[in-house]
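*Asks:*
2 protein chains.
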Amino acid sequence: MAALSGPRIRHSVAFALNHTEGSAEEATFLDALRALAAIPGVEAFEILRETSPKNGYRFGISMEFAGPDAYAAYNEHPDHVRFVETRWLPEVADFLEIDYEAVE
Amino acid sequence: MAALSGPRIRHSVAFALNHTEGSAEEATFLDALRALAAIPGVEAFEILRETSPKNGYRFGISMEFAGPDAYAAYNEHPDHVRFVETRWLPEVADFLEIDYEAVE
Chain A
622 MAALSGPRIR
632 HSVAFALNHT
642 EGSAEEATFL
652 DALRALAAIP
662 GVEAFEILRE
672 TSPKNGYRFG
682 ISMEFAGPDA
692 YAAYNEHPDH
702 VRFVETRWLP
712 EVADFLEIDY
722 EAVE
Chain B
622 MAALSGPRIR
632 HSVAFALNHT
642 EGSAEEATFL
652 DALRALAAIP
662 GVEAFEILRE
672 TSPKNGYRFG
682 ISMEFAGPDA
692 YAAYNEHPDH
702 VRFVETRWLP
712 EVADFLEIDY
722 EAVE
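Those protein sequence lines, which keep their order, are chains A and B.
First residue of the first sequence: 622, per the numbering used here; consecutive thereafter.
First residue of the second sequence: 622, per the numbering used here; consecutive thereafter.
The following block contains the structure:
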């Protein structure tokens with residue numbers, strides 16, 4: 622994994638769904654989530670399984686941006702806005718956003 | 622950044638320190654934290670600055686292991702145990718462990 626440097630941002634969100642683990646609803650949510658990778662500026666896109674017992678989240682999404690402009694463009698992109706309104710808010714039970722940048 | 626696959630684990634901890642931002646104590650803590658990179662099995666080691674306003678953490682540490690055996694060896698390594706007892710527990714105000722693995 623390439624280390625972060627300069628203005629590069631790693632944006633991640635740990636989350637848990639309202640759906641039963643292993644359900645069809647869970648699978649279709651993850652499929653819809655994968656479509657965010659196509660938004661311009663999104664790099665190193667991953668959907669991950671959260672496996673630490675020390676928190677209540679069950680999945681994670683991680684992506685990188687070259688800098689704050691690319692990140693802002695993603696946040697404001699119609700596909701992202703629509704996904705948040707129609708899929709994320711109704712189907713996600715709990716989540717935590719964590720964004721990382723290089724130290725110095 | 623190489624995507625996770627198979628048994629590979631990305632272990633991360635978001636945290637905030639008891640020390641004032643920019644202080645000498647903060648700097649020496651981060652220096653001590655960097656030494657964990659030398660523990661056998663630790664890969665892709667990063668110390669990061671947390672920049673989302675949506676949580677109260679201020680730093681992150683991220684590393685990867687080839688699988689659960691390497692992760693367990695790290696957790697049990699004397700250098701890690703000593704660091705937790707003498708530096709982490711006294712100097713970290715709040716933290717959250719998040720571990721990721723590949724989906725399927």
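Here a beta-carbon is modelled for each residue, glycine too, at the ideal position from N, C-alpha and C.
Could one say the Cβ of Gly677 (chain A) lies closer than 8 Å to chain B's Cβ atoms, at least one of them?
*Replies:* On the first sequence, position 56 is the one that residue 677 (chain A) refers to. Chain B, which has no Cβ nearer than 8 Å to the Cβ of Gly677 (chain A), makes this no.
*Asks:* The alpha helix (DSSP H) that contains Tyr692 (chain A), what's its start and end?
*Replies:* By one-based count along the first sequence, residue 692 (chain A) stands at place 71. Note, Tyr692 (chain A): alpha helix (DSSP H), Pro689 to Glu697.
*Asks:* So is Leu638 (chain B) buried or exposed if we call it buried at 16+ other beta carbons inside 10 Å?
*Replies:* By one-based count along the second sequence, residue 638 (chain B) stands at place 17. Counting Cβ neighbours within 10 Å, Leu638 (chain B) comes out buried, since at least 16 surround it.
*Asks:* Can you give me, in chain order, the residues of the region 632-645 of chain B that have a beta carbon less than 9 Å from any beta carbon in chain A?
*Replies:* Cβ contacts with chain A: His632, Ser633 and Ala635.
*Asks:* Closest Cβ-Cβ distance between Ala624 (chain B) and chain A: below 8 Å?
*Replies:* By 1-based counting over the second sequence, the position of residue 624 (chain B) is 3. So yes, Ala624 (chain B) belongs to the interface.
*Asks:* Near His632 (chain A), which residues of its chain fall below 6 Å by C-beta distance, leaving aside the five closest residues on each side in sequence?
*Replies:* The residue you call residue 632 (chain A) lines up with position 11 of the first sequence. Excluding positions up to five away in sequence, the list reads Met684 and Asp720.
*Asks:* Enumerated in chain order, which unbroken segments of the alpha helix (DSSP H) with a length of 4 residues or greater are wholly contained in the region 648-725 of chain B?
*Replies:* Counting whole runs of 4 or more residues, the region 648-725 of chain B contains the alpha helix (DSSP H) stretches 689-697 and 699-704.
*Asks:* Could you please give the first and the last residue of the uninterrupted beta strand (DSSP E) stretch that includes His632 (chain B)?
*Replies:* Counting from one through the second sequence, the residue named residue 632 (chain B) turns up at place 11. Where His632 (chain B) is concerned, the enclosing beta strand (DSSP E) stretches over Ile630 to Leu638.
*Asks:* Say whether chain B places a C-beta atom closer than 8 Å to the C-beta of Glu722 (chain A).
*Replies:* Walking along the first sequence from the start, residue 722 (chain A) turns up at place 101. True, the Cβ-Cβ gap to chain B drops below 8 Å.
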